[in-house]
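Numbering-wise (our numbering), the sequence shown opens with residue 2 and increments by one.
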Amino acid sequence: MFHCPYCGTKVKEGENFCIKCGKQLPTDMEERFSTEKKFNKLWLLPIAVAVFSLLAIGFYYLILETQVGKAKELYEKGEEEAMNSNYEQAKSFFEQALQHKKNFNQAEISLHFMDIATQIESTLEEVSNLSEKNNYQEAVSLINESEKKLQNFKGPVVKHVITVIAEKRNQIKIEQLNSTLDKNPSIDELKILLWEAEDIKNEEAEQITSEIRNQIIDYTFTKASEQMMISHFNDAAAIVQDGMKYAPDAEKLKSLQTTIDKEQTAFETAQQQRMEQAINMANEEKQVNKDDAIKLLSVTSESDHQGNLVVKGKVKSVATIPIHSILIKYSLLSEQNEEILNNEVYVYPDKLLPNEEGKFEFTHFDVDAPAKDFTIQVNNITWYTE
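Rendered as structure tokens:
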């Protein structure tokens, strides 16, 4: 396809002049194939405007990006200061960040939060003053109010402020614990204080918790030992079990519980043995009281001034209970050991207490032979128990 080499308009093979620009076309057909046309100077202005606009826009965005970057840098510095509780300095950085970037939402929120953080910081100083005056309840109340102010905020700085508040609360609780402990609280109060101390999560609270628990252990050990010493083993075990609710891993109490169990077993065994022994002794005493309550101390015979035979004797009660109606049955034997007669006689006094002695005496008026001709043989002794 042929073109005018001057203006680029399409031409036909047999044409000698350009129908558009009017110039004579070259006779060399090869030159008519060139599509090159000269630049139209009318395009210079719009091109220049376009280039300038692009440069202006690029420069604007470069400045904008610089401003945004500076705003972010200032915001980060503000956060860093806020994390160190330098709220006034942080506030200044957030204000500068907003100057570099007007619609910087995070900076606006952080700037507002710095006012709240400053208020909380002031409140915590008041809390310290109240604590020095032992007004712990009022101090804790102020801490709770400060914490409520953070409900609608979140982020690392907010977490930092929450941590500061928590540390202050723990400090107040520890001061209150120490104040109460200085007043020598009762064992029941110590148990409550133990729960309160365990609820505080820091090293100082752990030390206080350990001290309170040791006091409970020592008290429990002493009271349980006292009960064990008077053989109140169930009471002693109950005291130990109650103490181990507050010190479940206390070796001192575990060892004492083992001792109580052993002592109780030994006591019950000894008690059973004593009971069995008492029963045996009672049976033996009963048997003695039944069969061997009277011991014959002596029996003699003599003639009175009228020549009558008089039989005399002594007995002793070896019973463990009073006995009465003691009857002596005896026989008179001749020199050939033949029974001449038998007789019965009661001891006086009628009742004998344990280890008391009694006597018996009987005069045989129908026997006039001398006493030396007879032997007295006691055949049986009977009695009654009360």
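Even for Gly, the Cβ is constructed at its ideal location relative to N, Cα and C.
Residues bridged to residue i (per DSSP)
{"i": "H365", "result": "L310"}
{"i": "I377", "result": "L333"}
{"i": "E358", "result": "K317"}
{"i": "E387", "result": "For E387, which the question treats as bridged, DSSP gives no partner whatsoever."}
{"i": "I382", "result": "I329"}
{"i": "F18", "result": "Q25"}
{"i": "V241", "result": "Partner(s): none; V241 has no beta bridge."}
{"i": "V346", "result": "I329"}
{"i": "E340", "result": "L334"}
Euclidean distance between Cα positions of residue i and residue j
{"i": "P186", "j": "M84", "result": "41 Å"}
{"i": "T181", "j": "L194", "result": "9 Å"}
{"i": "L333", "j": "Q307", "result": "19 Å"}
{"i": "T223", "j": "L178", "result": "24 Å"}
{"i": "T259", "j": "F234", "result": "11 Å"}
{"i": "T376", "j": "I322", "result": "33 Å"}
{"i": "K312", "j": "M282", "result": "Strictly speaking, residue 312 in this sequence is Val, with Lys absent from that position. One C-alpha to the other measures close to 36 Å."}
{"i": "Q272", "j": "K255", "result": "25 Å"}
{"i": "I163", "j": "G156", "result": "11 Å"}
{"i": "P6", "j": "N104", "result": "59 Å"}
{"i": "F114", "j": "Q90", "result": "13 Å"}
{"i": "T124", "j": "A140", "result": "9 Å"}
{"i": "D236", "j": "E227", "result": "10 Å"}
{"i": "E148", "j": "E252", "result": "42 Å"}
{"i": "I217", "j": "T210", "result": "11 Å"}
{"i": "Y247", "j": "E77", "result": "48 Å"}
{"i": "G314", "j": "E362", "result": "7 Å"}
{"i": "E37", "j": "I20", "result": "Below a pLDDT of 50, predicted positions are generally treated as unreliable, and E37, at 48, falls in that range; the measurement from the model is reported next regardless. Straight-line Cα distance between these residues: approximately 17 Å."}
{"i": "Y220", "j": "E204", "result": "25 Å"}
{"i": "Q208", "j": "R214", "result": "10 Å"}
{"i": "N145", "j": "L151", "result": "10 Å"}
When the options are compared against residue i, the one with the closest alpha-carbon
{"i": "E122", "options": "S299, V159, N136 and I188", "result": "V159"}
{"i": "D15", "options": "C8, Q25 and F94", "result": "First, the residue type needs correcting, since residue 15 is Gly and not Asp in the sequence shown. When only C-alpha atoms are compared, the closest one is Q25."}
{"i": "G359", "options": "Y347, A370, E81 and D367", "result": "Y347"}
{"i": "E176", "options": "F154, I201, V165 and D189", "result": "I201"}
{"i": "H101", "options": "K71, N343, E139 and N380", "result": "K71"}
{"i": "D369", "options": "Q208, I218 and L310", "result": "L310"}
{"i": "M230", "options": "K92, D262, Y137 and K169", "result": "D262"}
{"i": "Y88", "options": "N106, Q120, Q272 and I166", "result": "Q120"}
{"i": "N343", "options": "D351, T364 and I324", "result": "T364"}
{"i": "E133", "options": "P47, I110, A167 and Q172", "result": "Q172"}
{"i": "E109", "options": "K169, E80 and C19", "result": "E80"}
{"i": "L73", "options": "A98, K330, Q288 and I166", "result": "Contrary to the premise, residue 73 reads as Lys rather than Leu in this sequence. Out of A98, K330, Q288 and I166, A98 has the C-alpha closest to the C-alpha of K73."}
{"i": "A372", "options": "S304, E336, H325 and N381", "result": "S304"}
{"i": "L112", "options": "E96, E285 and K184", "result": "E96"}
Short CB-CB distance (under 7 Å) between residue i and chain B
{"i": "K360", "result": "The structure shown contains no chain B, having only a single protein chain."}
Cβ-Cβ separation, residue j to residue i (assumed contact under 8 Å), whole Å
{"i": "P297", "j": "V316", "result": "Residue identity check: residue 297 is Leu in the sequence provided, not Pro. Indeed they touch by this definition, with Cβ atoms about 6 Å apart."}
{"i": "E199", "j": "K174", "result": "About 11 Å separates the two Cβ atoms, so there is no contact after all."}
{"i": "T386", "j": "A320", "result": "7 Å"}
{"i": "V379", "j": "Y331", "result": "5 Å"}
{"i": "L257", "j": "A225", "result": "6 Å"}
{"i": "D293", "j": "S326", "result": "With a Cβ gap of about 17 Å, D293 and S326 do not count as contacting."}
{"i": "E345", "j": "D374", "result": "Not confirmed; about 22 Å, so no contact."}
> Taking only runs of the alpha helix (DSSP H) that begin and end inside the stretch 111-199, which ones reach a length of at least 4 residues, in chain order?
Replying inline: 137-149, 157-182 and 188-199
>> As an exercise, report each continuous beta strand (DSSP E) stretch of at least 3 residues that is fully enclosed by the stretch 251-329, in chain order.
In response: 295-304 and 310-318
>> List, from N- to C-terminal side, the alpha helix (DSSP H) runs of 4 residues or more that fit wholly inside the stretch 70-108.
In response: 88-101
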